[in-house]
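A short write-up of the structure that comes next.
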Amino acid sequence: MKKLKKRLVEEFSAENISAREISSAVDKAEIEIKNYRRDVREFGEAVLERIKKTGEQAILLVGRPYHIDPEINHGISEMIQSYNLPIISEDAVDHLPTKAKDISVVNQWSYHARLYHAAHFAAENSNLTLIQLSSFGCGLDALTTDQVKEILERHGKIYTMIKLDEVSNLGAARIRLRSLLAALKKKIPVPYSPVEMKPRPRFTADCKQTHTILAPQMAPIHFELIQAVLKKYGYRIMIPELPDKAAIDLGLRYVNNDMCYPAIVVIGQLISALKSGDCDPNHTSIILFQTCGACRATNYISVLRRALKFAGFEKVPVFACYGLPDETDDFELSRDCLMDAIKASVYGDLLMNVSNRMRPYEIHQGETDKLFAECMTLAKSDLVNGNYLTFRRNVKNIVAQFDEIEIDEHLELPKVGIVGEILVKYHPVANNQLEKILAQEGAEVVMPDFVDFFLYTAYDAIAKQKLLVGSHKDKIFAEIFIQLIEFFRRPMKNALKDSKHFRSPYSIKEIANLASRHVSIGNMAGEGWFLTGEMVKLIEEGVENIVCLQPFGCLPNHITGKGVMHNLRESYERANIVAIDCDAGSSEVNQLNRIKLMLAVAKKYLAG
Ligand code: SF4
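Taking our numbering, the leading residue of the sequence shown gets 78, the next gets one more, and so forth.
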């Protein structure tokens, strides 16, 4: 409460509200919420007591807090009551104990926690039936609905979900409720008996020798280099081919379609690889990165496990290379391996950027690609056999060699930056070959550094400590991590600074400062403030044309991407930003038209 008061005073300082008023309002609100909780709980206990005596059925109606609004729930609760069914909510049972607590997703939000608790409570009480309200397009509920269903069905209970949208016709909900009541009448209540969850397969130390490790493709240049590093440390890594339409269809088949598009791409390509026969499912494990933030990416691991179960690959262990302690299994990211992975990412950023800068202007066609291929070979060999000194020398030489490529210095092409959610930004299939299209349309593509995303996730711990309830220890750890990455970026930054043609990357602190002119850096879900920061940084660098890629179902990036565009256009007169939606059903023609429109404006500006 002390921190909340302090922050509210800071946030409302411009509104002329005194610290005393804020403190008193917070105290009163705290009392009020306690009273509200007490009332709801007492009501719930009274209903539970009654149905225990009478044997009646009651409905445990669960939903997000805003579902209490009759304009949103369209009167579902009254409709349920019209069937003489008493209703209680998840808040009414939150304080009551349950025997089982097991769930298969990361339980990271307080509402989700109350929801899963309510599902266990309904599973253990034979005269309680749970109905979940979910809003149309709520991607977060792709996780919660699957989890609640799993808990209930594991205990032989019926799961009912009612999806709400702007249409207030209750016909469909009424039919569902009637079917539920009919099913309940036929069903003989089974007394609760505990059901053990099967332990999941784990990546053990032995698997290092016996298993192929499948890793999803995400950023082709960087992953080719990181793959070389992991092989050096004894891991038999396999990155499948870029997915085709059939692989994406597999993702759609095995993943809840309300999940965000990157999950569908990642899981589709992994299941496709397992089905292709290229790897033996009995000797294959899958590695993923777990972001550990508020976003759904923290739960891609559990979504993948569920998809594998339905696809018949339940025995394939799935673990995180970085993530929550229980999710990394016996995989060890040693200090040396981490250093080499950072070096690989720096090489990747460097080669991606210098080649993008020179290729469109080269006099001798193919020269950039030839040099790129040579430098990739050199980088891979250095990652396996080299050290910091060879890395530093190579980085300097790479910059010098690309800088000397003969280009048409008089040719002016529109520079177009690509920003957005990390997977769709770098994954050529997920973004429908955007880089290639822009190049064909006569643009110079500017890609933000891959490493910046990891710097952003680290910087969040610093922002959390300042603005929210983050710990000092996490802040220090984040600062050390950022310094470590900057240590490896330094040779590249210096070489780029001294070059004729290239720009040197900004620090993450500079990007955060640029973002904070437009959004709070408390926006940490998904790409959060970093997405805004990337756009502002590009504009400040003179790259005023931007494609912002928005995956279907990605709420956070719609806020800090699409949501800030108006504000950016107001702040920067020549900002020429286009949002492109990415999903399995996106019309390529529509995407192309929008890109062409953006390029037409870019060319007009260029012509003066
Ligand atoms: S940032 Fe968007 S795409 Fe990524 S996990 Fe979050 S919601 Fe999904």
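For each residue, glycine too, the CB sits at the ideal point set by N, CA and C.
Can you give me the C-alpha to C-alpha distance between Val-423 and Arg-566, rounded to a whole angstrom? 6 Å
Going by beta-carbon coordinates alone, are Ser-581 and Leu-573 separated by less than 7 Å? yes
Let me make sure I understand the geometry here. Which of Leu-125, Gln-185, Gly-610 has the alpha-carbon closest to that of Glu-498? Gly-610
In or out: Ser-432 buried (at least 16 other Cβ within 10 Å) or exposed? buried
Using 7 Å as the threshold, is the C-beta distance between Tyr-312 and Ile-298 below it? no
Can you tell me whether Glu-481 sits near ligand 1, meaning its C-beta is under 6 Å from at least one heavy atom of the ligand? no
Considering only the alpha carbon of each residue, which of Leu-217, Cys-372, Gly-599, Ile-378 lies closest to Val-343? Per the C-alpha coordinates, the member of Leu-217, Cys-372, Gly-599, Ile-378 positioned closest to Val-343 is Ile-378.
Residue from Pro-358, Cys-398, Gly-370, Glu-409 with nearest C-alpha to Lys-386: Its Cα nearest to that of Lys-386, the residue Pro-358 stands out among Pro-358, Cys-398, Gly-370, Glu-409.
By the three-class DSSP mapping on this structure, what secondary structure does Met-642 have? helix
Ala-135 bridges to which residues according to DSSP? Leu-205
Once you ignore the five residues that flank Leu-460 on each side, which residues in its own chain have a CB closer than 8 Å to its CB? Leu-302, Ala-305, Val-306, Lys-309, Asp-417, Lys-420, Ala-421, Tyr-424
Below 6 Å, is the gap between the Cβ of Gly-662 and the nearest heavy atom of ligand 1? Because no heavy atom of ligand 1 lies under 6 Å away, the Cβ of Gly-662 does not count as near it: no.
Alpha carbon of Trp-606 to alpha carbon of Gly-638, nearest angstrom: A straight-line Cα-Cα distance of about 9 Å links Trp-606 and Gly-638.
Bounding residues of the beta strand (DSSP E) (the contiguous stretch that carries Gln-627): 622-628 is the extent of the beta strand (DSSP E) around Gln-627.
Residue ranges of each beta strand (DSSP E) run of no fewer than 3 residues wholly in the stretch 496-570, ordered along the chain? With a minimum length of 3 residues, the continuous beta strand (DSSP E) runs that stay inside the stretch 496-570 are 521-523.
Cβ-based neighbour list, Ala-535, same chain, cut-off 7 Å, excluding 5 preceding and 5 following: Ala-555, Phe-558, Ile-559
For Glu-498, verify whether its CB is less than 6 Å away from any heavy atom of ligand 1. Shortest gap from the CB of Glu-498 to any heavy atom of ligand 1: under 6 Å.
Within 10 angstroms of the Cβ of Pro-276, are there 16 or more other Cβ atoms? Answer buried if so, exposed if not. exposed
Cutoff 6 Å; reference Leu-162; Cβ partners in own chain excluding five residues on either side: If we look at Leu-162 and ignore the five residues flanking it on each side, its Cβ neighbours are Ile-136.
Spatially closest choice to His-706 from Ile-657, Ile-623, Gly-619, Lys-614, by CA coordinates: The displayed coordinates of the chain run from 78 to 685. Any statement about residue 706 would go beyond what the structure contains.
To which residues of the same chain is Glu-587 closer than 8 Å at the C-beta, ignoring the five residues directly before and after it? Lys-614
Would DSSP call Asp-658 helix, strand or coil? Three-state DSSP puts Asp-658 in a strand.
Pro-491 to Ala-520 span [Cα, whole Å]: Between Pro-491 and Ala-520, the C-alpha separation is close to 5 Å.
On the premise that Asn-471 lies in contact with Ala-456, defined as a C-beta separation below 8 Å, what is that separation, rounded to the nearest angstrom? 7 Å
Throw me the rounded Cβ distance for the Val-522 and Glu-512 pair, which I believe falls under 8 Å. 5 Å
Throw me the rounded Cβ distance for the Val-170 and Gly-121 pair, which I believe falls under 8 Å. Going by Cβ atoms, the distance from Val-170 to Gly-121 rounds to 6 Å, so yes, they are a contact pair.
Same chain only: Cβ atoms within 8 Å of Ser-154, ignoring 5 sequence neighbours per side: Leu-138, Ile-164
Per DSSP, cross-strand counterpart(s) of Asn-691: Only positions 78 to 685 of the chain appear in the structure, and residue 691 is not among them; the question remains open.
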